[in-house]
Every structure is written in C-alpha cells, then in structure tokens.
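One point on numbering: in this note's numbering, the residue at position 68 of the sequence shown is 68, and numbering is uninterrupted. Before any comments, here is the structure.
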Amino acid sequence: MAAQSSAPSYLEPSVLGTKEYWDKLYEKELSNHAENPEDEGTVWFDDSDAEAKIVAFLDEREQEEQQQELAQDGNDGEGVESSNHKKGLGRRLDRRTASVLDLGCGNGSLLFALHDDGWTGRLVGVDYSERSVELARAVGRERRRRRRLGLGSDDDEEEMEEQGQGKKPETETGEDDDEKEDVSFQVFDILRSPASLLSPDPSFPGWDLVLDKGTFDAISLSPEIDPATGRRAFEGYGARVLALLRTGGLFVVTSCNWTEEELKVWFDGCSSSAEGGRRGAAKLKLAGRIEYPSFSFGGVKGQTISTLCFEKVGGD
Ligand SMILES: C[S@@+](CC[C@H](N)C(=O)[O-])C[C@H]1O[C@@H](n2cnc3c(N)ncnc32)[C@H](O)[C@@H]1O
1 MAAQSSAPSY LEPSVLGTKE YWDKLYEKEL SNHAENPEDE GTVWFDDSDA
51 EAKIVAFLDE REQEEQQQEL AQDGNDGEGV ESSNHKKGLG RRLDRRTASV
101 LDLGCGNGSL LFALHDDGWT GRLVGVDYSE RSVELARAVG RERRRRRRLG
151 LGSDDDEEEM EEQGQGKKPE TETGEDDDEK EDVSFQVFDI LRSPASLLSP
201 DPSFPGWDLV LDKGTFDAIS LSPEIDPATG RRAFEGYGAR VLALLRTGGL
251 FVVTSCNWTE EELKVWFDGC SSSAEGGRRG AAKLKLAGRI EYPSFSFGGV
301 KGQTISTLCF EKVGGD
C-alpha cells in the first residue's frame, strides 16, 4: 500500500487469519445447513445490524445519485436514459445494473440481503475457502427453492403440505434447473488470485461496488509476510481492492478490529505501489460512513464496529 503516513499498530496474528480456521468453520456450517436448511450459518456483526445498515446506506446513495443525475440531465436538456447512453456509462449505483463484488463472502448473506432489496445486477461473492463457496451456493439454492414454492419458512411449508398443496416436483438432481442463479459465488484469494479472474470479459470496466464485511479484519490477522516487500501481506489489500474497482466505483468496508480513524489510515489515499507517486494516479478517497450506536468508556467515545465508504478516483 502506498504512502500511509503513520500506520496503526499491527494486530497480533491469530488463527482467524488462517485458511484452515475458515475451512473448518464452514465445514461445520455446511453440515448444520445440510441437517437444517433454515440454518444459513453465521452472519457477522448481526448484533450491530450491520447488514441492514449497509443495505440502507446503499439505497440512500443510489437515490442521491439518481437525484443528482436527474438534476444534471435537466440542465443538459436531455432525458436520463439518452444522456447516460451517450456517455456509455450508466449510473454507478443503479440497483438494476450495478455490478457488486463481495470480498470474503462467507455464507453470502450480504449479497442475498441486497438481492432481496431489489439489487439485480451482476452479484458475485468470492472467498478463499472452498467450503464457504459451497455453503453460499447451497444457501442460494435453498432460497431459490423456497421462493419458487412460495415458502417463507419451514412452518409455511408444513402448513401448505397439511392443506394438500404439495411441492412442485424438482429435477432429478433435486436442483432448481429452471431458475437462473441470481447471486453467484467463486473461489478467489484476494491477496493472491489475479483480478482478471473476476472480469467477465475484456471490456469490463471493473466493479461498481466492492463490499467487505469482516474480511479485512480476518486478513489483517494473517501472519503472512509479503516476500516482495518484507511487510505484512494484509498491507497490500487496499491496492488489490483498487485494481478490482472501476473509476468512480465504491468500496464499503465494515470492521470490528479497526476504528474509523485506523481504516482511514489504511485506505484513504491508498494507491497501487507502482502508481503511488504519479500525479493523477488512481486512489481511494473517503466518501461516506455509517453511523452505529456509540458507547462511552473512561471518557472515550467509541463504536463496536465501523463502516466506511471509499471511492476510486483518478487514474483516467
Ligand atoms: C469474518 S468472516 C466474514 C464473512 C462474511 N463477509 C460475513 O460478513 O458474514 C471473514 C471471511 O473472509 C474470508 N477470507 C479471509 N482471507 C481471505 C482471502 N485472502 N481471500 C478471500 N477470502 C478470505 C474467510 O474465509 C471468511 O469467510
């Protein structure tokens, strides 16, 4: 990561920074889900209602952008569609089209929440644990099955069966072959896999929205040292995110291990090490925050978790 003035103290490495830990956890969650399909596994920061707050934050940003665009198009004397099509851009936060990448997706819960909220562009979750990807796909299949059958929960299902409204037959494999996957998942190591693996085609401009809930937390607990720099490997995370975003794209990161001030040091102004010194180089710039209930302890005010939003600027 380029030019970070005074980096916060590093976190002591822990097992949460190892792939073995996550593989084991998701192995367990997979077997729980197989036993009880309603058990979708851990939703990180659920006690702070992080997921709902992130979705609400994105809804608000989308509306703001829509209003700005309408005002702009009004000034240009053009309709919304014609102006955007001319620029070949499209709004960056249009829920119908925005491409969304969730880094370290776990059980995929955040993307499912966005999809339930009407975000229907390209939604992709990635994780380095094959078990996590397996779990997220299984949860997605189960959700689609329930939706297809018009079911909310196991109770509804039992009720329908009691009323003689049996299930619609599934395919031989038990899969919902007739319904397209609305959220997809793939194995990807954020620190090692090439960003191009996540580009659907060579003309892809990069992701409109990159999300991280608890993943930078886990990565910054990894003991790994980057042989190229001799520094902790997690310090390259910001540059990796930058390479995945399109210009103007947003990165929304939620953490319990780092405060807002510390997240700013890691990400605000972050550029790729190769580009760092160049004028106009692409970098991340602080663009918003989510408010959580705060507490006071010993005269110091704090939050249990922090969510900051950064925009990729420059680099044109
Ligand atoms: C605290 S969990 C958060 C899971 C999910 N984002 C959520 O909010 O429920 C951290 C996730 O990061 C993933 N992870 C850690 N290091 C990673 C890496 N280098 N590449 C991809 N995923 C990673 C773990 O497998 C785990 O699923």
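The beta-carbon is built from N, C-alpha and C at its ideal position, and this holds for glycine as well.
Chain-order list of residues whose beta-carbon lies under 8 Å from that of residue i (same chain, five-residue window excluded)
i: glycine 19; result: First, the residue type needs correcting, since residue 19 is lysine and not glycine in the sequence shown. Correct list, in chain order: Tyr128, Ser129.
i: tyrosine 10; result: Ser220, Arg232
Under the three-state DSSP convention, the category residue i falls into
i: lysine 312; result: strand
i: valine 187; result: strand
i: serine 82; result: Its pLDDT being 42, under 50, serine 82 is placed unreliably by the model, and the measurement read from it follows with that caveat. Three-state DSSP puts serine 82 in a helix.
i: glycine 288; result: strand
i: threonine 97; result: coil
i: valine 253; result: strand
i: phenylalanine 295; result: strand
i: threonine 304; result: coil
i: valine 241; result: helix
i: aspartate 117; result: coil
i: leucine 209; result: strand
i: valine 43; result: coil
i: threonine 18; result: coil
i: leucine 111; result: helix
i: aspartate 59; result: helix
i: threonine 215; result: helix
i: lysine 53; result: helix
Contacting residues, own chain, Cβ-Cβ under 7 Å from residue i (five flanking each side not counted)
i: aspartate 39; result: Asn32, His33
i: phenylalanine 204; result: none
i: leucine 197; result: Phe188
i: threonine 229; result: none
i: lysine 24; result: none
Cβ pair residue i, residue j closer than 9 Å
i: threonine 120; j: arginine 137; result: no
i: glutamine 303; j: glutamate 262; result: no
i: leucine 284; j: aspartate 268; result: yes
i: arginine 131; j: tryptophan 44; result: no
i: asparagine 257; j: aspartate 217; result: yes
i: leucine 182; j: leucine 135; result: Before going on, a small fix: residue 182 reads as aspartate here, not leucine. Cβ atoms of aspartate 182 and leucine 135: not closer than 9 Å.
i: glycine 106; j: glycine 214; result: yes
i: proline 13; j: proline 227; result: no
i: leucine 244; j: glycine 299; result: no
i: alanine 98; j: alanine 52; result: no
Among the options, the one whose alpha carbon lies nearest that of residue i
i: serine 184; options: Leu110, Pro205, Lys213; result: Leu110
i: valine 15; options: Arg146, Ser220, Thr229, Glu27; result: Ser220
i: tryptophan 266; options: Cys105, Glu29, Gly314, Glu235; result: Glu235
i: valine 55; options: Gly150, Val100, Gly17; result: Val100
i: threonine 42; options: Lys53, Glu29, Glu35, Glu51; result: Glu29
i: alanine 50; options: Asp182, Arg143, Ser255, Gly152; result: Ser255
i: arginine 246; options: Ile225, Tyr237, Arg279, Ser199; result: Ser199
i: glycine 315; options: Gly280, Pro293, Ser294; result: Gly280
i: proline 37; options: Gly150, Leu242, Arg146; result: Arg146
i: alanine 282; options: Pro293, Ile305, Val241; result: Val241
Own chain residues within Cβ distance below 6 Å of residue i, not counting five before or after
i: arginine 92; result: Asp208, Gly248
i: leucine 191; result: Ala233
i: aspartate 102; result: Leu110, Leu111, Gly125, Leu211
i: valine 187; result: Glu130, Val133
i: cysteine 309; result: Leu250, Val252, Ala287, Gly288
i: aspartate 313; result: In the sequence as presented, aspartate is not what sits at residue 313; that position holds valine. Correct list, in chain order: Lys285.
i: threonine 307; result: Thr254, Ile290
i: glutamate 311; result: Leu250, Lys285, Ala287
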